[in-house]
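Data block below; observations after.
Residue numbers (my numbering): 329 to 522.
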């Protein structure tokens, strides 16, 4: 393991889809807006680079500072709406979700300012507490990085984890075990009452 940002970019740069998606997203965002790549694409890319796991699929989730003012749709994409009511671009095997910070469940329920830091403290699992700052080209998220380095998956935000389990209609231990297995990591059931 070297430097997380360099490792992420080294791995991601080998995939044409990554460059295409970043270009599409930047064309839809105003210059002053913040934009972060979040979710499995970030932590799975690092896990692939560091541990050789299966590469991430082509599902790109972007956290944006405010709702889109416009949506420029490339020819091969169609516009859909994700389960949270936010716009999603879909083409062949690629999907691009735009998630305005003020629509994030954990931020709304905790009545917090819509910031990246508040997003990271509100994700259900530790490994999910990581983001790639698209404009500044850097990895952010000490909790997520520690989870990746320790190769473990555990609860990050108990209330949001309970909500996540309910939305997935799965038992908490199954969620942790399945996520850990998908990364070849160890499940850590700390804080979980069976």
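Beta carbons are placed, not taken as given, at the ideal position from N, Cα and C, and that holds for glycine.
The structure presented is a predicted model; accordingly, all values stated were derived computationally and were not measured.
The DSSP-derived three-state label of residue 407 is strand. Burial is judged here by how many other beta carbons sit within 10 angstroms of a residue's own beta carbon; residue 488 has at least 16 and is buried.
Between residue 381 and residue 375, the CB-CB gap stays under 8 Å. Counted as a single uninterrupted DSSP element, the stretch harbouring residue 351 is not any beta strand (DSSP E) but the alpha helix (DSSP H) occupying residues 344 to 355. Excluding residues up to 5 positions away in sequence, 485 lie with their Cβ nearer than 7 Å to the Cβ of residue 449 in the same chain.
Judged by pairs of C-beta atoms under 8 Å, the stretch 458 to 475 touches the stretch 330 to 350, as three or more such pairs exist. Of all alpha-carbon atoms in 474, 411 and 391, the one lying nearest the alpha-carbon of residue 435 is that of 391.
By the 16-neighbour rule on beta-carbons within 10 angstroms, residue 519 is exposed. Taking C-alpha positions only, residue 478 is separated from residue 513 by approximately 8 Å. Here residue 388 carries a strand assignment [DSSP, helix/strand/coil]. The secondary-structure analysis by DSSP pairs residue 416 across a beta bridge with 408 and 425.
When the Cα atoms are used, residue 429 and residue 379 turn out to be separated by approximately 31 Å.
Comparing C-alpha distances from residue 455 to each of 404, 409, 426 and 503 shows the shortest one belongs to 503.
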